[in-house]
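Accompanying notes for the structure given below.
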Ligand SMILES: O=C(O)CCC(=O)C(=O)O
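Numbering (this note's numbering), first residue to last: 382 to 743.
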């Protein structure tokens, strides 16, 4: 078994146990099965952000103390109906519209990860990139990633800082102030391979435990779709990284994690995982539609940039394209405050004022 805290795709897949089906899941007789880009909003839906009290009530309705405890203990949770169908139509249209413009870059990113030595910017079409991955890839193509669509689209930015979403995140992190770390669209085309076991914080240059990712499928998912599978409690397995070296960390079989997934998700359901929770996703069947999930990652304000001089291991650099633009402006050990890591909670913060002192390098 390979090093499990490794990146999404640079390592071969591992299989721990069969997933435990979570009781109480909705049935799989879900509605539409639109692929990314197909779903259209019935009309332009504004962000129904209501007042602070209304948001708080809405979040409490969906995220009771049981869910908070589950997240704390297991490192993942599914929140049903965070967005309604109309909201999801608008969100999916904003995200997939932007992602379509970024498709060549998404393929280039896979080339950068899977084909060491190939200059991804020497490739000028998706077909060229696919051919290079087929011929020189160190692993099969598991997904495409389009990073930080919120930096290109005002609409996407507004969804990433939706008051209901960020209030829920603040509750789960137990944080007074929350920053947006990145957003990323994960697309699995029909027949794409697995997403390997990994934990997100292994690829994040921040020295923090207060980090999570919200995974938002852009259509309803049934049992045949590639959903995330989580090693419950792995985010609290301090002993793993403390006592084991890289080889030791590769052997997860003996650690007795139970593996859980949420195989049926209706449109508007989201899952959330802690930054250290190990997770993976199986292949997307070749016969059905694509599966696309928009992920948004957040961290509690106050986290510092990783200091390499005391590090036990090297940061996995697979997601470097996502953070390069702000990382170069900040020193190791410095608190991670930057205009590209905006404060999204509490709502209404003036980010321009907040980041006045940050110098941007070219
Ligand atoms: O959607 C996927 O296949 C992978 C998503 C993932 O690894 C994540 O959200 O951290």
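C-beta: ideal position from N, C-alpha, C; glycine also. Treat the numbers as computed from the prediction; the structure is a model and nothing was measured.
{"Check": "Beta strand (DSSP E) segments (min. 3 residues) lying fully within the region 622–646", "Outcome": "640–642"}
{"Check": "Residues bridged to residue 514 (per DSSP)", "Outcome": "Paired residues: none, contrary to the question."}
{"Check": "Spatial distance of residue 677 from residue 621 (CA atoms)", "Outcome": "27 Å"}
{"Check": "Buried versus exposed, by CB contacts within 10 Å (16 or more), residue 562", "Outcome": "buried"}
{"Check": "Reduced DSSP category for residue 418 - H, G, I as helix; E, B as strand; rest coil", "Outcome": "Residue placement at residue 418 is poorly supported in this model, since its pLDDT is 30, which falls under 50; the coordinates are not used for a value here."}
{"Check": "Neighbour-count burial assignment, residue 568, 16 or more Cβ in a 10 Å radius", "Outcome": "buried"}
{"Check": "Residue 611 beta carbon less than 8 Å from that of residue 470", "Outcome": "no"}
{"Check": "Residue 734 to residue 479 span [Cα, whole Å]", "Outcome": "28 Å"}
{"Check": "Residue 658 - partner residues in DSSP beta bridges", "Outcome": "The partner list for residue 658 (beta bridge, DSSP) is empty, contrary to what the question assumes."}
{"Check": "Option nearest residue 669 by Cα separation, candidates 619, 736, 488, 573", "Outcome": "573"}
{"Check": "For residue 437, three-class secondary structure by DSSP", "Outcome": "helix"}
{"Check": "Pair within 8 Å by beta-carbon distance, residue 540 and residue 472", "Outcome": "yes"}
{"Check": "Sheet register partners of residue 678 (DSSP bridge)", "Outcome": "563, 594"}
{"Check": "Residue 675 Cβ short of 7 Å to ligand 1 heavy atom set", "Outcome": "no"}
{"Check": "Closest residue to residue 452 among 525, 530, 553 (Cα-Cα distance)", "Outcome": "553"}
{"Check": "Test item: CB-CB of residue 700 and residue 549 under 8 Å", "Outcome": "no"}
{"Check": "Whole alpha helix (DSSP H) elements within the region 462–532, 4-residue minimum", "Outcome": "466–482, 484–495, 507–517"}
{"Check": "Beta-carbon proximity of residue 556 to residue 682, cut-off 8 Å", "Outcome": "yes"}
{"Check": "Distance, residue 440 Cα to residue 736 Cα", "Outcome": "29 Å"}
{"Check": "According to DSSP, residues forming a beta bridge with residue 652", "Outcome": "459, 596"}
{"Check": "Expected contact under 8 Å - CB spacing of residue 725 and residue 545 to nearest Å", "Outcome": "Actually they are not in contact, since the Cβ atoms of residue 725 and residue 545 sit about 12 Å apart, beyond 8 Å."}
{"Check": "Cβ-based neighbour list, residue 706, same chain, cut-off 7 Å, excluding 5 preceding and 5 following", "Outcome": "721"}
{"Check": "Residue burial classification, residue 654 (beta-carbon count within 10 angstroms, cutoff 16)", "Outcome": "buried"}
{"Check": "Cβ neighbour criterion (16 or more within 10 Å) applied to residue 523", "Outcome": "buried"}
{"Check": "Delimiting residues of the alpha helix (DSSP H) encompassing residue 541", "Outcome": "535–541"}
{"Check": "Secondary structure of residue 544, DSSP reduced to three states", "Outcome": "helix"}
{"Check": "Residue 625 versus residue 586: straight-line alpha-carbon distance, rounded", "Outcome": "21 Å"}
{"Check": "Nearest-angstrom Cα separation, counted from residue 623 out to residue 695", "Outcome": "15 Å"}
{"Check": "Residue interval of the beta strand (DSSP E) (run including residue 732)", "Outcome": "Here residue 732 belongs to no beta strand (DSSP E); instead the alpha helix (DSSP H) covers 732–735."}
{"Check": "Endpoints, the alpha helix (DSSP H) within which residue 706 is located", "Outcome": "701–708"}
{"Check": "heavy atom of ligand 1 below 7 Å from residue 576 C-beta", "Outcome": "yes"}
{"Check": "Range covered by the beta strand (DSSP E) that runs through residue 724", "Outcome": "724–726"}
{"Check": "Exposed unless 16 or more other CB atoms sit within 10 angstroms - verdict on residue 497", "Outcome": "exposed"}
{"Check": "Cβ shell of residue 514 (< 7 Å), same chain only, five flanking positions each side left out", "Outcome": "491, 492, 495, 496, 522"}
{"Check": "Sequence-distant residues of the same chain with beta carbon closer than 7 Å to residue 638, five excluded per side", "Outcome": "397, 612, 613, 614, 615"}
{"Check": "Which listed residue (488, 566, 551, 588) has its alpha carbon closest to that of residue 693", "Outcome": "588"}
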